[in-house]
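Numbering (my numbering), first residue to last: -3 to 330. Using N, Cα and C, we set each Cβ at its ideal position, and we do this for glycine too. Owing to the predicted nature of the structure, the values given are computational and were not obtained by experimental measurement.
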Ligand SMILES: Cc1cc2nc3c(=O)[nH]c(=O)nc-3n(C[C@H](O)[C@H](O)[C@H](O)COP(=O)(O)O)c2cc1C
């Protein structure tokens, strides 16, 4: 039983753990009163990693490792299957260290999901002597098409029992990425990726970056609530203090998009995307796809339907027939 992942899920549902300001609100589309296309023509299809998805939306990895997580992952898998979009699972550390929780992740294999993303943390890769073998097992566990290595040093710094060793991380990422045939992406978890870090990542064999920026779920806030529960008032206060730490997701996308695309890498924007308009904004400023996590924790199926309809509606109202055109859509930034 993985108490930590259970806490993360419960706290995300029950407490306000969002960053104080959502920077997607600073971007607006210029409305096109004469779009000169029919809405029926709008094509949101996204092809990447050799897969075809109905839209450039990914259910970002959240959970696994305890009994109730199986149900959550299955609910998310049903949505991914129904709408033919990509999906990630949460950190698979629990199942790699204890076989009994494998099913809470592998249950998604019963669904026809076009793109599955395995997940492990860079701090754990640093700890494990058999990191490449563990990474392969994580991929095998959910028959993944992509492996996400997450960077979460803000969270680790606040977490009472956090892993605070970051030395040697880039080399480890390269060791794993160069040893696997499955594409590897690097994903931040709420503090964003700068241009300087993207340039260093471009030197490795990874296939993409999920900027995982600040604007939505704050892991500093989640760990503050956990620290409170554990009676550690110092880490609790530290967590609240760092709640808004990081590079806002849109800023991170704009920083890294050209660098990544020049290196042939995919850019995913996760962090604070609440709806299909935010997702469209992410693509208009340079991302290839948008990741959404906490938005799908409740009433996910209906929310996804609205997300996809809103994305299509934005494309219609800006006269964009496909994602390539959406990348060129006119926006204004306040
Ligand atoms: C309950 C919960 C658990 C998460 N666990 C993981 C994880 O294990 N690995 C990971 O890479 N990201 C994890 N994340 C981060 C999300 O994938 C995403 O990057 C972040 O929540 C920002 O997206 P949002 O603002 O749409 O929630 C988790 C998020 C939540 C809400």
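Requested in this report: Flag this pair as yes or no: are the beta carbons of residue 23 and residue 327 separated by less than 8 Å?
Outcome: yes
Query - Beta-carbon proximity of residue 275 to residue 53, cut-off 8 Å - result: yes
Query - Cβ contact (3+ pairs, closer than 8 Å) linking the region 74 to 83 and the region 44 to 52 - result: yes
Query raised in the report: For residue 265 versus residue 283, is the C-beta distance shorter than 8 Å?
Result: yes
Report task. Measure the C-alpha to C-alpha separation of residue 171 and residue 121 and round it to an integer number of angstroms. Result -> 10 Å
Report task. Consult DSSP for residue 105 and reduce its assignment to one of helix, strand or coil. Result -> helix
Requested in this report: Under 8 Å by Cβ, that's how I've got residue 150 and residue 182 pegged, so tell me the actual separation to the nearest angstrom.
Outcome: That belief does not hold up - the Cβ atoms of residue 150 and residue 182 are roughly 15 Å apart, past 8 Å.
**Report entry** First through last residue of the alpha helix (DSSP H) which encompasses residue 251
**Finding:** 245 to 258
Report task. If I'm right that residue -2 touches residue 61 with Cβ under 8 Å, what's the distance once you round it to whole angstroms? Result -> 4 Å
Query raised in the report: Buried or exposed: which applies to residue 64, given that a residue is buried once 16 or more other Cβ atoms fall within 10 Å of its Cβ?
Result: exposed
Query raised in the report: If you drop the 5 nearest sequence neighbours on each side, which residues of the same chain put their C-beta closer than 7 Å to that of residue 14?
Result: 212, 213 and 214
**Report entry** Distance, residue 76 Cα to residue 136 Cα
**Finding:** 19 Å
Query raised in the report: Within 7 Å: the Cβ of residue 115 and any heavy atom of ligand 1?
Result: yes
Query raised in the report: Just to confirm, does residue 210 get its C-beta within under 7 Å of one of the non-hydrogen atoms of ligand 1?
Result: no
Query raised in the report: DSSP on residue 321, reduced to helix/strand/coil?
Result: helix
Query raised in the report: Is there contact here, the region 119 to 134 with the region 103 to 111, by at least three beta-carbon pairs under 8 Å?
Result: no
Query - residue 146 beta carbon near ligand 1 (any heavy atom closer than 7 Å) - result: yes
Query raised in the report: Whose C-beta lies closer than 8 Å to the C-beta of residue 231 among residues of the same chain, with five residues either side of it excluded?
Result: 154, 155, 156, 219, 220 and 223
Requested in this report: Verify whether the separation of the beta carbon atoms of residue 42 and residue 285 is less than 8 Å.
Outcome: yes
Query raised in the report: Does DSSP put residue 261 in a helix, in a strand, or in coil?
Result: coil
**Report entry** Span of the beta strand (DSSP E), counted from its first residue to its last, around residue 143
**Finding:** 142 to 147
Requested in this report: Assign residue 320 to one of two classes, buried (16 or more other C-beta atoms within 10 Å of its C-beta) or exposed (fewer than that).
Outcome: exposed
Query raised in the report: Apart from the five residues just before and just after residue 99, which ones in its own chain have a Cβ nearer than 8 Å to its Cβ?
Result: 66
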